[in-house]
Amino acid sequence: MQIGYKLFAEGYSPQEMVRQAERAEAAGFDFVEISDHYHPWLESHGHSGFAWSILAAIAARTRRIGLATGVTCPFIRYHPALVAQAAATTALLADGRFVLGLGAGEQLNEHVVGRPWPSVAERHAMLRESLQIIRLLWQGGYRSFEGEHLRLVDARVFDLPEDPPLIAVAAGGEAAASLAAEQGDALFATEPDHALTRAYRHAGGSGPRYAEVPLSWAPDEETALKSAHRMFRFGVTGWKVQAELPNVANFEAATAHVREEDMASAFGYGPDPERHAAAVKQFADAGFDRLALVNAGPDPDGFFDFFAKELSGRLDAAAPAG
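Numbered according to this note's numbering, the sequence shown spans residues 398 to 719.
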């Protein structure tokens with residue numbers, strides 16, 4: 398079991414993301430994970446720095462902690478050839494500490510280049526072809542690819558690590574979990590759904606299983622829930638909404654009726670470490686063994702101290718149920 402920290406790039410500046418990664422390493426986290434978005438979810442978030450620049454800075458400022466994207470959509474806004482190059486470079490800068498998380502994306506971030514938003518089935522087909530292109534380029538040499546949706550013409554990534562990064566594929570359903578087993582090295586999810594880890598293993602997946610655990614630390618419960626509502630109320634809309642809405646304004650409208658008390662069922666919140674540990678255990682019991690803690694609380698430094706002094710030891714005994 399590894400415990401990571403989610404860098405919420407939509408809520409903080411790029412400089413602050415680098416500082417938080419350094420604090421996460423000092424607090425004892427095993428890895429940090431950062432979203433790769435063009436827009437924030439809500440207007441009030443106010444930030445959305447370029448993930449690959451932030452990762453490069455983190456690689457230079459840390460020594461031990463792992464790095465991961467959580468997750469990158471490797472088509473539409475990007476071409477998979479660029480993602481293959483970016484990931485290879487990041488792996489080199491991080492001395493092999495990097496994991497490439499890939500997923501089928503959200504319209505919020507991909508529509509900005511002016512291309513139509515595909516159906517779910519087409520996005521999964523594009524993700525499959527993207528994985529094939531990335532793997533092909535990581536073999537070295539000049540490569541070409543002709544797919545139903547994507548093409549590659551005489552491309553070569555010159556700077557390659559000796560061992561390519563692991564690829565974690567995001568899944569919100571069993572079909573995508575099977576794709577993670579077939580084309581990836583690891584699974585990535587955001588819900589404590591045992592059906593996902595079961596489908597992943599049934600399809601032959603034997604790698605790590607990543608998940609994000611929603612927490613909100615504060616010295617009192619009211620402050621914790623208020624902060625969770627301010628920062629993460631978009632999360633209660635569910636993935637079918639999150640993937641399809643095109644603009645920040647749409648998420649503001651979609652979450653207008655979400656209440657602070659609605660956050661309580663989704664988050665480990667407040668000052669009690671046992672409540673936070675119970676939220677983490679849900680994901681471990683569902684078979685996930687790489688758990689990125691998402692802190693929606695108002696005080697990142699307070700959360701790092703809370704993790705190091707009170708929470709970390711309680712998580713040592715947690716283990717995936719299988």
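C-beta: ideal position from N, C-alpha, C; glycine also. Computed from a predicted structure; not experimentally measured.
Check	Outcome
Residue burial classification, V550 (beta-carbon count within 10 angstroms, cutoff 16)	exposed
Uninterrupted alpha helix (DSSP H) stretches inside the segment 502-571 (no shorter than 4 residues)	504-507 and 517-534
Cα-Cα separation, V653 to E407	Correcting the residue type first, residue 653 is Ala in the shown sequence and not Val. Those two C-alpha atoms are separated by around 19 Å.
Classification of V537 by the beta-carbon crowding that lies within 10 angstroms, buried from 16 upward	Looking at the sequence itself, residue 537 is Gly, so the reference to Val does not match. Exposed: under 16 other Cβ atoms inside 10 Å.
Rounded separation between R532 and P616 - CA only	46 Å
According to DSSP, residues forming a beta bridge with I400	L688
Cβ-based burial, Q399 [other Cβ within 10 Å; buried from 16]	exposed
8 Å Cβ cutoff met for H444 and Y409	yes
N-terminal and C-terminal residue of the alpha helix (DSSP H) that V429 is part of	Element bounds for V429: not the alpha helix (DSSP H) but the beta strand (DSSP E), F428 to I431.
Length of the line joining the Cα atoms of Y539 and D686	37 Å
Alpha-carbon spacing of D560 relative to A481, whole angstroms	13 Å
Contact between the segment 446-465 and the segment 594-606 (3+ Cβ pairs under 8 Å)	no
Inter-residue spacing [alpha-carbon to alpha-carbon] between L497 and A465	6 Å
Completely contained beta strand (DSSP E) runs for the segment 442-499, where each covers 3 or more residues	463-466 and 495-499
7 Å Cβ shell around A625 - same chain, five flanking residues per side excluded	S613, M660, F664, Y666 and A693
Member of A675, G684 and R520 whose CA lies at the smallest distance from the CA of R608	Note that residue 608 corresponds to Ala in the displayed sequence, not to Arg. Residue G684 is the option with its Cα nearest to A608.
Segments of 3+ residues assigned as beta strand (DSSP E) that fall wholly inside the segment 644-679	none
As assigned by DSSP and simplified to three states, the class of L439	coil
Classification of R512 by the beta-carbon crowding that lies within 10 angstroms, buried from 16 upward	exposed
Burial state of E430 (16 or more Cβ within 10 Å)	buried
Short Cβ contact (8 Å threshold) for F629 with F648	no
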